[in-house]
Amino acid sequence: MPSRAALRRTAAFAVLYAAAVLAGRMDLIGGTELGLMWPAAGVGAVWLLAQRHERSGWLDVTLLGAISLVGNLVTEAGLQLSAALAAANVVQLLIFLYVFARSCPLAWGAPGWGGFERVQHLWGLLAATLAGAGVGALIGPAALAAFDGRWSAVSAAVWLARNCVSIVVITALGLRLGRLSERRPGVLTRPTTARQAVRERLVRAPDRRIAEFCVLAVTSVAAYTATFWIVRDLPLTFLVMSVTVWAAVRFGTTFTALHTLITGTAAVVFTAYGGGPFAAVDSPVARALVAQVFVGMTAVIGLALALGRDERETLAEQRIAAEKEIAAQAGMLSAIVEAMHDGLVVIDADGRVVMSNPAARRLLGADVAASTTLEDHGLLHPDGTPIGRQQMPYMLALAGHEVRDMDALVCPGGREERLLSISATRLPTCDRAAVVVFHDVTAERRHRDELTAFAGIVAHDLRNPLTTVSAWAQLLADALQAEPASEVTGELADGIARIQRAATQMRELIDDLLAHATARDAPLTPEPVDLASVVREGAAARGDLPHDGTGQAPVFDIGELDAVRADRALLRQLLDNLIGNAIKYTVPDRRPHLTVTSTRERPGWVRVEIADRGIGIPPGQHEAIFENFRRAHASGPYTGSGLGLAICKRIVERHGGTIRAEDNPGGGARFVFTLPSADAPAPGRTG
Ligand code: ADP
400 MPSRAALRRT
410 AAFAVLYAAA
420 VLAGRMDLIG
430 GTELGLMWPA
440 AGVGAVWLLA
450 QRHERSGWLD
460 VTLLGAISLV
470 GNLVTEAGLQ
480 LSAALAAANV
490 VQLLIFLYVF
500 ARSCPLAWGA
510 PGWGGFERVQ
520 HLWGLLAATL
530 AGAGVGALIG
540 PAALAAFDGR
550 WSAVSAAVWL
560 ARNCVSIVVI
570 TALGLRLGRL
580 SERRPGVLTR
590 PTTARQAVRE
600 RLVRAPDRRI
610 AEFCVLAVTS
620 VAAYTATFWI
630 VRDLPLTFLV
640 MSVTVWAAVR
650 FGTTFTALHT
660 LITGTAAVVF
670 TAYGGGPFAA
680 VDSPVARALV
690 AQVFVGMTAV
700 IGLALALGRD
710 ERETLAEQRI
720 AAEKEIAAQA
730 GMLSAIVEAM
740 HDGLVVIDAD
750 GRVVMSNPAA
760 RRLLGADVAA
770 STTLEDHGLL
780 HPDGTPIGRQ
790 QMPYMLALAG
800 HEVRDMDALV
810 CPGGREERLL
820 SISATRLPTC
830 DRAAVVVFHD
840 VTAERRHRDE
850 LTAFAGIVAH
860 DLRNPLTTVS
870 AWAQLLADAL
880 QAEPASEVTG
890 ELADGIARIQ
900 RAATQMRELI
910 DDLLAHATAR
920 DAPLTPEPVD
930 LASVVREGAA
940 ARGDLPHDGT
950 GQAPVFDIGE
960 LDAVRADRAL
970 LRQLLDNLIG
980 NAIKYTVPDR
990 RPHLTVTSTR
1000 ERPGWVRVEI
1010 ADRGIGIPPG
1020 QHEAIFENFR
1030 RAHASGPYTG
1040 SGLGLAICKR
1050 IVERHGGTIR
1060 AEDNPGGGAR
1070 FVFTLPSADA
1080 PAPGRTG
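Numbering (the working numbering), first residue to last: 400 to 1086.
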């Protein structure tokens, strides 16, 4: 069942269409069966467009055809001719509807349709109109010729022109009014605030607008009266064109469509009664044709101008809305950056501070401002050596490295020294700038250092009693071996073995704790070191004995290694830890296989890789294993303190490098770290 609203619309359009048919039939062009104007074509187009999504669409088409038939009949066209004309009208409208839906997919009623408001919609309307009226012009005049035997190209052209003008002008107006009456929520995308802003900027005050409207109305009447009635002999059509242009550029599409409908009707009626510049044309059919073409051209120019203006206005509204949104977001971001406790600076490739927040100024000194450089603020390594330009976090970030939690000392304006944890990353939108974040870790580190120092002392002091425990356990074991074997001696031997294992584990832990303290605190003495020889020493020490006395001796594959500038003792410890892990974390009874290679990563830096074919690192643990006491294989047969990689990280970072763990593509794990190359300039000491 069709909805009540649809039926109401059908009834209203039927009445309107009947009136339009009668109006068109009332004023026939002299000696023909063709109406001077054919408003029914436009009304019919709007009718079918409005109802095309209704289930009762067939009813509308049938009714339209019937009214056309009856309208022609009552105006004495004869049954067969009336039927032919009605058929021509229906066919041309159906073709129009079909082409319009395709050439202008966002047609009225479709989802996302924003109204007849783009120049593109006008071209769609014109294409559909020409297609529909073109077919109508083939059928209609041919039917007329069949009855009176007089077919002429001019009458076919008149059919085409009057139907085109009627469909374009009335449909444009109908679509605009239909859109206004629709007001579906959510379809209008323009924000009200933006509208108001545009109004303020683009539209005059309302009273001035009403005044302009009145002046335009009076001028239109004057121009048409002058052109089509008073000054009959002069071709003053440019006068009437200018009022259409005025309406279009100042009052928008709906008004222009209405203006064109009224003035176009006036032009055709004046011409019909012998007024205006076209009255000089002798043939009534040719005269009607010229008048229709003139109205059509005026309508297209006016609508194109008005739609262009509407489009520009919409774009301006959208731009203002976007500007406001961007400004609001920028305001929010800057408020967040200002309120942050961490310091944030943006630095360009020359090291100049482009932007800084209050926390950065507090941490680095109040004079952090544009045009100062980060080097001006005397960033130091935690051991007091200055951070060279190439090792500056922003330089590393600009070179494509992700800097995370790099420690640095700073002494802002001669005040107390502060320890900062620095992270830096290249700005994704700009290769030539890096954002650097400073987190003040002074208090946190002081606390941790105290704990570590305490642990170091305790560890050191525990060594002596532990040595005593081990020695006495060994003595007991030896003494027990001399006794005859019994159940009691067996139990005692087992207990002593447990004491010895526990003592060994404890010694390992103490050694790691002490190594950790050394890696953190011992003064750094970088010197050129032959990396290959240190690796070979480590390999020889591990290769001599199968690890833990049961497995197989590891295989080492050592490539050409570049010399580095590093503290020899710490470098040895770093390699020892990594090689030790690579051997330790192997499937039991499988022979460990290590590959050590190096490359010159960028000027002044060597990248070293130690890859193994062991059990690999569990997913998601690649970063966490560098934390203190973090173990990824705690449940397996592998013993350890979880401090080895934390020591490695500390050693690499004290040399200004970075370390990370990856999966070895051939299976196993791969540790990659960077160290300054032997030919890199030696950093100066400050104290
Ligand atoms: P641990 O004393 O436990 O060996 P580390 O700090 O040296 O402590 O290593 C931390 C964790 O990282 C280890 O417990 C282990 O799970 C993992 N790991 C380290 N090296 C390797 C490796 N070569 N292969 C697989 N896992 C490793």
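For glycine and all other residues, C-beta sits at the position ideal for the given N, C-alpha and C.
Values in this document were obtained by computation on a predicted structure and should not be read as measured data.
Go ahead and label residue i buried or exposed: buried means 16 or more other beta carbons lie within 10 angstroms of its beta carbon, across all protein chains shown.
i     : result
Y497  : exposed
R549  : exposed
W457  : exposed
F637  : exposed
M794  : buried
I1050 : buried
C829  : exposed
F1072 : buried
H915  : buried
N471  : buried
M425  : exposed
A419  : buried
A734  : exposed
A881  : exposed
Please confirm whether any heavy atom of the ligand ATP lies closer than 7 Å to the CB of residue i.
i     : result
I1050 : Absence of the ligand ATP from the depicted structure is noted, with the ligand ADP being the only ligands included.
Can you give me the C-alpha to C-alpha distance between residue i and residue j, rounded to a whole angstrom?
i     : j     : result
E688  : R451  : The sequence shown places Leu at residue 688, rather than the Glu named in the question. For L688 and R451, the distance between alpha carbons rounds to 31 Å.
A939  : A1045 : 25 Å
G1066 : G1015 : 7 Å
D956  : L913  : 31 Å
D839  : F853  : 23 Å
E716  : T643  : 25 Å
A405  : D459  : 10 Å
T867  : V986  : 35 Å
E453  : L525  : 25 Å
K723  : G730  : 10 Å
R999  : L960  : 10 Å
E611  : T618  : 10 Å
A921  : G750  : 31 Å
R906  : R900  : 10 Å
M436  : V668  : 9 Å
E801  : L743  : 16 Å
R1006 : Y984  : 23 Å
Short check: CB of residue i to CB of residue j, under 8 Å?
i     : j     : result
L660  : V557  : no
T824  : A796  : yes
R990  : N1063 : no
V753  : A646  : no
V928  : V963  : yes
G1043 : N976  : yes
I821  : V834  : no
L574  : F515  : yes
A698  : V564  : yes
T652  : A705  : yes
What are the boundary residues of the beta strand (DSSP E) that residue i is part of?
i     : result
T828  : Neither: T828 is in no beta strand (DSSP E) and is coded neither H nor E.
A444  : No beta strand (DSSP E) holds A444; the alpha helix (DSSP H) holding it covers P438 to Q450.
P781  : Premise fails: P781 is in no beta strand (DSSP E) and is neither H nor E.
G742  : G742 to D747
A807  : V802 to V809
L1044 : Run containing L1044: none in the beta strand (DSSP E); it sits in the alpha helix (DSSP H), G1043 to R1053.
L993  : H992 to R1001
P1089 : This structure cannot speak to residue 1089, because the chain is shown only from 400 to 1086.
L435  : It is not in any beta strand (DSSP E) - L435 carries neither H nor E in the DSSP assignment.
A1010 : W1004 to D1011
P1017 : P1017 -> no beta strand (DSSP E), and no H or E assigned at all.
A1068 : A1068 to P1075
Could you pull the start and end residues of the alpha helix (DSSP H) that residue i belongs to?
i     : result
I466  : G456 to V473
R847  : T841 to A881
L496  : L478 to S502
I700  : P683 to A738
V518  : V518 to D547
W645  : T636 to A671
R761  : P757 to L763
T1038 : Looking at the DSSP string, T1038 is not in any alpha helix (DSSP H), and its letter there is neither H nor E.
F412  : R403 to M425
D975  : R967 to K983
For chain E, check one thing: does any of its Cβ atoms lie closer than 8 Å to the Cβ of residue i?
i    : result
A729 : Included in the structure is just one protein chain, with no chain E present.
### Message
Assess contact between the segment 472-482 and the segment 523-536, defined as three or more Cβ pairs (one per stretch) separated by less than 8 Å. Is contact present?
### Response
no
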